[in-house]
Each structure stands twice: as structure tokens, then as C-alpha cells.
Amino acid sequence: MLSLSIILFASIFCRSQALTNVGGVLLQDTVWSSTGNANPYYLVNDVQVPYNSTLTIQAGVQIIFGSGNLEILIKGVLKVQGTANNPVCFYNGSAADTKWMITFQSTNLTQSLISHAVFTGPKKGLQTKKSAPGLQQNAGILVIQNTAFVGETTIETNGRLSGNYPLPRVLPAPSLKLTSVVINDSMVSTGNDMSEPILIINSKLFNATARPAAALGGIQFLNSKLQTLTIIMGKDYYGHSGILEFNDSTVDNAVKSCLNEWCSSSLHIRAFRSVIRHSSFKVAAYSYEDYIQNSFIIDSSTFRNVSIDASGLYYYYDGAAIPYSIFMNNSIFHTGDIRLGSFPKSAMFQNSKFQETNIAAGTSDRYGPWPGINITNVIFQNGSLILPVSNVAIMYSTIVLGVPPLVLGDNSIISCSSIKRFSSVLQASTTGIQATTITITQSSISSFEVGLQVTPLSMQTSSISSSNFISNSQFNIQNVGVYDVQAAGNWWGSSNDTAIHNKIYDYWDNINYGQVLYSNYSNVKLPAENDCPSYSPV
């Protein structure tokens, strides 16, 4: 990889008086060399390389794009042959230029190679471009290695793969493969929702921007380091959802947001075996379109001081929900928050650890029941869970609340789990679980002022069985709804019927409420979650 010092040197000092003016169609194989007096090369017209020609640019060559909106158009072969200490330099031009420094069109990309080059903006650097319908399109993979993109330039795929719903399961090969590159103060982009994928390997990005509009493969990072990354999606990207994927990579200070309030952002973000730190990911606030989909997949990764906000999704025309889902497996989420909004979505957290994290979802009354939130085999320490939505399932988990209560909606389930208060939280005025209708089996609720507060809003019965209430100072159960709660076969912290009754608040304390129908209570603490069948990951 080019060192940063060499990149800066090349960017600043690849400047001298133009000695060779170039332009026109190269009708034969051509070599641009730094030897003699030919270098640097100054474009006075477009340089065009037809299908039967090769342009070779040797180490140390400087290519200058002056005024005039000019390009090097490759329909044949391009060989850029810089070295680590003597890169090929492309620079000048204007950010307003509609033409790129280099455009590949109607060619076999595999035959070309760019090695040890520096593209310095503000003119856009390199693109692959689609041809008119019926003409030859780009094929193969363009390898770019040991190259830098600096000074607000851009690299982009602008072709268009053929594809309709359902999209193919086998993703196409990337048309751009960037290995050991540096992208500094510049953008990497897939230009439209069906652009070819970009694969970036063993590379470094600083103050960079990613625009992952493409749905088939998108932009993928492998074994790369990204420092200060802005992820943008604009309202001009309708249709298929884009993909941004991190594999075995480290990301610091990433921000994903919409360009404006009415944003049709449609993006799937994936993190596999990666570390994401000090970052914020915000999904679209509002949308004119009803087919926008977003998701976040986190697998075998560590997130630290990260915010994931999907709270504002809204479809403008009829208020319909925009699907959003989050899946997390075998990962660590330390210090941050996850906001899931008020619309029907799904979320699954499994085999993971949360520390000082707040997870919240809005109410779902307006848009119907949620598909569900599933929390399985999770250790949740010193955070908050505010999930007042239907179909929440907590299983095989240890929940230690730093900000009680655990808030749950209708048809919620707690099984083979323990709900506790974090040690630094005072017990006074705390409630462990606050739910509407809930089923609790083989679980323990301990060390709150009120263990469980139930507010049944429908005829659906709440039930608690084979569970423990331990060291809850005022009430084990507080029923403040009009319907009864079934509670059979539990340990109430005492075998004395009067003591059990005194720690239940229900109809017999206020006849506006239903009863807690406790029976067959245990005389000893139950094994509860410790006696569940062994957890078997799906």
C-alpha cells in the first residue's frame, strides 16, 4: 500500500509545466512515459482508447486535466504502472465537470490494471459506465491496487446489471476490486440501485464518504480500516435496497443519515466479524415511497458507543409502515442505544452481550401488532429495555436493569430467564417488569420494590408459573388492570400464605382491578431458569 507520506508528496508535488498536449483517438498501442521531456501530459481534448488499443502509463507520469471538462475514455485496455516511490498522478479539473478523469465503457475490465496511482480531486476520478441498450457492456473485474483517491474525488460503478424481483441469490462478481488503497477526503459510490458491486480489501479510508445505492452486492469492505466515514443515501435512489457490508474490518466514527427529511433511504447494513466504534446509523425519517426496506445485520462483531436509530420511518401518502429489521448474533454491544420506532418490524438479539445499552421501541397501536422482538441467550447489563409492543419474547437470558422497569406489550413471554436490578440502583421506587399481558415460566424476578406490574388491556390471560419472586420489598405482583392474573406453582419468597397475600396488590386492595389467582405455591425456592432444558442455538 502507498504510504500516506508518499500520497501527500505525490498529491502536492506532482505539479510542473505541461510539456505534452494529448487528445483524440489512440489508433494504436500507446505508451506515456516519464523519461525524456514528454512528461507531464496535459489533456487538451478527450483521450479515447478504442477496443483494439492499449494505453500504458508508466511510473512517474503526471496527467493534468485542465479546464474543458475532459476525460480518458477506455473502451480498450488501460495499464497504469506506477511504483511505490514513483506513482502515476492524475489531478486538476473541476468538481463541476460532468466527465470523469477515467471512464471504462464497453470493455473487458479484467484486461486493464491500475497500480500505484494517485487520483487528486476535485474532479471525479474513475467510473465504470453502462453503454446504451443493445451495445456491449463492461465485463470482468477491474483491479485497482496500491492507489490513493484524495482531495474530494470519487470512484464509482455506474453500470446497470439486469435484475428484477426477486433478486438473484448468487451475487455478481464486483466490477471494481480495490486492494491496498487509500481513500482520503473522497467518495466511493455505486451510482444506482443496479450498479455493479465494489469490493475493497486491506484498505484505509479517512474522512471518506460511501454511497451504497446498489442492491446486488453493494459496497463491501474486507479487512479494512475506516476512520470517519459518512454514509449517504439520497431521495434520488428509489427501488431496490442498497447494501453496505463490513467484513473483518474496523470502523470508527461512521455516520449514516439522510440528506434531507423526506428521504427515501433504502439500505441493508451488515457487519461480520468487525469492530464498529463511536458511530451513528439513522434510517430514513420520512418517505414518499412505500417499498423502502432497511435492515441491520450484526454477526460476531463488537459495537462500542454506537447509536442505531430507526425510530422515524414513515410513508407519507397513507401512513403505512416502512419495514425495518435488526438481527444480532454472537456479538457485543457496549454503551449505546438502539431505537426501533413505532411501526411493525422485527428484531432478534441472540447469543450476545449488552453493556450499558438502551433498547427502545415505540408503541404499535396505530400500525397493528409487531412481528416480534426476540431476545434469546442474551446477557443484558446495566441498561434499559423499553419495549411496549406486542410479541416480545425473552428466553434463556439474564437481564440486569440499570434503568428499570423492563416494559413489555401484549402477548409477551419471559421464559428461562432472570430479571434483576443492577447493584448500584436503589431498590426504592423500582419496578422490575411492567407489562400488559404476559406469560412467565421458569424465571426469576428479584430485588425490586415491585417485582411485576401487570396492566391487562384485553381478555387475554396473563400467567406466571414455576417462577421465583425474590427479595421484592413491597409487592411481588401488582395487578392494576381489570382482568385476573393466573399465578400457579411459584415461589413467593415465603411459604406463609398471609405473607404471600400481603405482597400481592390486586382486587382485594382496589376492587377496580382484577385478582391475582395464586395457587399451589412452592414452600422453597424453585430451580426455575436453572432447571430449563439446555439452550440449543438455532
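According to mature numbering (1 follows the signal peptide of the UniProt record, and there is no 0), the stretch in the sequence shown is residues -18 to -1, 1 to 520, in order.
Built from N, CA and C at the ideal position, the CB exists for glycine as well.
- In this structure, the beta-carbon distance from S445 to S400 does not fall below 9 Å.
- Three or more beta-carbon pairs separated by less than 8 Å link the region 1 to 11 to the region 22 to 35, which places the two stretches in contact.
- The beta carbon of A192 lies closer than 7 Å to those of V170, I201, L211, I213, L226 in the same chain, with the five residues before and after it left out.
- Within the region 468 to 509, the complete beta strand (DSSP E) segments of 3 residues or longer fall at 498 to 501, listed in chain order.
- DSSP places G224 inside the beta strand (DSSP E), whose first and last residues are 224 to 229.
- Counting the other CB atoms within 10 Å of its CB gives A292 a total of 16 or more, which places it among the buried residues.
- For I459, the number of other beta carbons within 10 angstroms of its own is at least 16, and it is reported as buried.
- As DSSP reads the structure, K81 sits in no beta bridge.
- One Cα belongs to D513, the other to S157, and the distance between them is close to 54 Å.
- For H98, DSSP records no beta bridge to any residue.
- Following the DSSP letters along the chain, one finds P194 inside the beta strand (DSSP E) bounded by residues 186 to 194.
- In the DSSP assignment, T412 is bridged to no other residue.
- DSSP places Q93 within a helical segment (H, G or I) once states are collapsed to three.
- Under the rule that a run must span 3 or more residues, the beta strand (DSSP E) segments found entirely inside the region 353 to 390 read 354 to 369, 374 to 377, 380 to 383, 388 to 390.
- Among the bridge pairs identified by DSSP, Y23 is matched with T2, I45.
- C-alpha of S15 to C-alpha of S88: approximately 26 Å in a straight line.
- In the DSSP assignment, A253 falls within the unbroken beta strand (DSSP E) covering 249 to 254.
- Only buried fits W474, as 16 or more other CB atoms lie within 10 angstroms of its CB.
- Your pair Q93 and V59 checks out as a contact, with CB atoms roughly 5 Å apart and the cut at 8 Å.
- Under DSSP, F285 shares a beta bridge with I258, F315.
- Less than 9 Å divides the Cβ of I183 from the Cβ of L204.
- In this structure the region 463 to 472 does not lie against the region 379 to 391, because fewer than three pairs of beta carbons, one per stretch, are closer than 8 Å.
- Non-local C-beta neighbours of T36 in its own chain, meaning closer than 7 Å and more than five positions away in sequence, comprise D11, G58, V59, K61, ordered along the chain.
- Per the C-alpha coordinates, the member of N27, T38, G42 positioned closest to N21 is G42.
- In summary, V233 is buried, with 16 or more beta-carbon neighbours lying within 10 Å of its beta-carbon over all protein chains present.
- Secondary structure note for T17: it is in no beta strand (DSSP E), with a DSSP letter that is neither H nor E.
- For C71, the enclosing beta strand (DSSP E) covers residues 70 to 74.
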